[in-house]
Structures are given as C-alpha cells and as structure tokens.
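Here's the structure, in structure tokens; my notes come after.
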Amino acid sequence: MTEPIKIDVWSDIACPWCYIGKRKLEAGIAAFGAEPDRPAVEVEYHSFELSPDTPVDFEGSAVDFLSAHKGMPADQVTEMLAHVTGVAAEVGLAYDFDALHQTRTIAAHQLLHYAKAHGRQLDMKERLLRAYFVEGRHVGRLPELADLAADIGLDRDDALRSLEQDEYLADVQADLQQAGVYGITGVPFFVVDGKYGVSGAQAPETFHQVLQRVVDERAAVTS
Amino acid sequence: MTPTPTPVPEPSAPPAFEMVGDPDAEACVDGVCAVPAPAPAPAADLK
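Chains as they are written, first to last, in our numbering: chain A, 2 to 224; chain B, 30 to 76.
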C-alpha cells in the first residue's frame, strides 16, 4: 500500500485564517484524492497560541480586545474583521465576531491533544473552531470545553478530568516549542511530507499541487 | 479506560522547508490577522 502523505498543521482555535485555511486544505485534499491511485493524506494539527496573554475571561468584543491589547485603531480592527468575515463566507463559514468570546486557547489545545489520544482530533478541531467563530461559545472555560468534547461523542467527565489535571499541557508546550524551533510565527502553517512549507490560507490548488509534487517525487525515486 | 499519554518528544532540529504557494497568502501573526506571515526563520543555534 502506498504510504500516506502527512500534513502537519500549526494552527490556533482563535485564528480566523486557520479555519478558512482548513476549508481550503480540505478542498485541496479532496481534489487530490478524487484522482485515481492517489495515496491517502493524513492531517495532524499542532498547537499554536496567537495571543498567550489573552485572559480566560475578557469582557468585551473582539474589536475591544485587539484595540486595547494590540494597539490597533478600532476602525482598522473593524475593517480587518469585516474582510476576514467576507472571505470566510466564501468558503461557507458564517463568522460572528459580535458573539465571539475572546479567550486564551491553551485549554482548548489541551482538549485537542486529548481528542487525538482518543482518535478524534480532526472532529474536535472542527467542533472547536465552529464553537468559537460561529456559535459564540466560550472555549476557554473547562466545563464548556467538556461539553464540546461530549458533542463529538467523547466522555464529558473524563475530558473535564483531563483538562483539570493539565494532562496534555506538556504536549501543547512541545508543539509550541517545535513551532519556535521551526521558526513559525504565523498561522496557519502547513508542513507537507516533512519537506514543504505552506504559509497562510492558501488556495485549494496550492495544496493539490504540492501533494501531486510529493507523488511525482516518490515515483521518480522508485523508477 | 484512560489512555496513557505518550511521552512528549523533544523538538527536532529545523529542516529547511521549501516554501510553496502564494507568499502573500493571509495569515495571523501575533493576533493580527490580515497580513502575510513571514517565512519561517529556524532557530539559528540549531543545526
């Protein structure tokens, strides 16, 4: 059997371009997989914190947070959010920044590692992103994270236990450290087959092309 | 049964990623989400 192609993705739950990039990656993988005799593609998400200084509970809007904590003019933030909301809509994502709860995402990243240990990382990633950007859920509070885990069929009590015990905090920190070693400063960042780097929310065709490049290289090696 | 967490690996040395795609693709950097991210600059003290 042909060895799968691995794509490692550094991404944050609070990253609007990451959710858009996820959709574009999925579309590129689907187009690649629609062609005959293509190897499977395995995707693994890794933790990245865009704003580790974000408090768990911030009472204010996304505009308030970015203006106050990043020093951006409010009208610039508003323009940025309007732009990303429009692009998200183009890929079928209904972002609602008015309902969004700005929060630190390290607990959500721990939940992703918990889900990975249970073979459910991809579903958890999708559930968390939708909860944050579309549903206005608070993804920094442990009980709410446990509810989201239950939404995809994980054991709510065990997920809560894991979060309360910081069971996967070391795994999150390892991902963060690896990003630093790789020099990754922006997300989403995709590493394809351990060799190719793709930065940002690229078009589906970009992912399709790099996957095909891997296939072509493998064929050249074996011929 | 609660699965035993796997040992956390040490970070590996930075490979020289061949960057592909649009260098102006939008990304989030330091909480600002409207700019292209800079290409990775691996830690200089690692081989």
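The C-beta atom is built at its ideal place from N, Cα and C for all residues, glycine as well.
8 Å Cβ cutoff met for residue i and residue j
{"i": "residue 146/A", "j": "residue 112/A", "result": "yes"}
{"i": "residue 18/A", "j": "residue 180/A", "result": "no"}
{"i": "residue 47/A", "j": "residue 167/A", "result": "no"}
{"i": "residue 108/A", "j": "residue 129/A", "result": "no"}
{"i": "residue 68/B", "j": "residue 48/B", "result": "yes"}
{"i": "residue 51/A", "j": "residue 60/B", "result": "yes"}
Presumed contact (8 Å Cβ cut-off) between residue i and residue j, rounded CB distance
{"i": "residue 116/A", "j": "residue 155/A", "result": "7 Å"}
{"i": "residue 194/A", "j": "residue 215/A", "result": "5 Å"}
{"i": "residue 86/A", "j": "residue 140/A", "result": "Not quite, the Cβ-Cβ distance comes to about 19 Å (not below 8 Å), so this is no contact."}
{"i": "residue 13/A", "j": "residue 106/A", "result": "6 Å"}
Length of the line joining the Cα atoms of residue i and residue j
{"i": "residue 1/A", "j": "residue 191/A", "result": "Since the displayed chain A opens at 2 and closes at 224, residue 1/A lies outside it and no answer follows."}
{"i": "residue 200/A", "j": "residue 6/A", "result": "18 Å"}
{"i": "residue 152/A", "j": "residue 26/A", "result": "24 Å"}
{"i": "residue 187/A", "j": "residue 165/A", "result": "29 Å"}
{"i": "residue 67/A", "j": "residue 56/B", "result": "16 Å"}
{"i": "residue 226/A", "j": "residue 45/B", "result": "This structure gives no information on residue 226/A, because the portion of chain A shown stretches from 2 to 224."}
{"i": "residue 64/A", "j": "residue 78/A", "result": "6 Å"}
{"i": "residue 54/A", "j": "residue 213/A", "result": "40 Å"}
{"i": "residue 56/A", "j": "residue 202/A", "result": "27 Å"}
{"i": "residue 69/A", "j": "residue 3/A", "result": "51 Å"}
{"i": "residue 217/A", "j": "residue 207/A", "result": "15 Å"}
Close Cβ partners of residue i (< 7 Å) along its chain, the five nearest in sequence each way excluded
{"i": "residue 73/B", "result": "Per-residue confidence for residue 73/B stands at a pLDDT of 49, beneath the threshold of 50, marking its modelled position as unreliable; the derived number appears in the next sentence. Cβ neighbours of residue 73/B beyond the five flanking positions: none."}
{"i": "residue 41/A", "result": "5"}
Chain-order list of residues whose beta-carbon lies under 6 Å from that of residue i (same chain, five-residue window excluded)
{"i": "residue 209/A", "result": "29, 32 and 33"}
Own chain residues within Cβ distance below 8 Å of residue i, not counting five before or after
{"i": "residue 101/A", "result": "62, 63, 133, 134 and 137"}
| said: If we require 4 or more residues per run, which alpha helix (DSSP H) segments fall completely within the segment 171–215 of chain A? | reply: none
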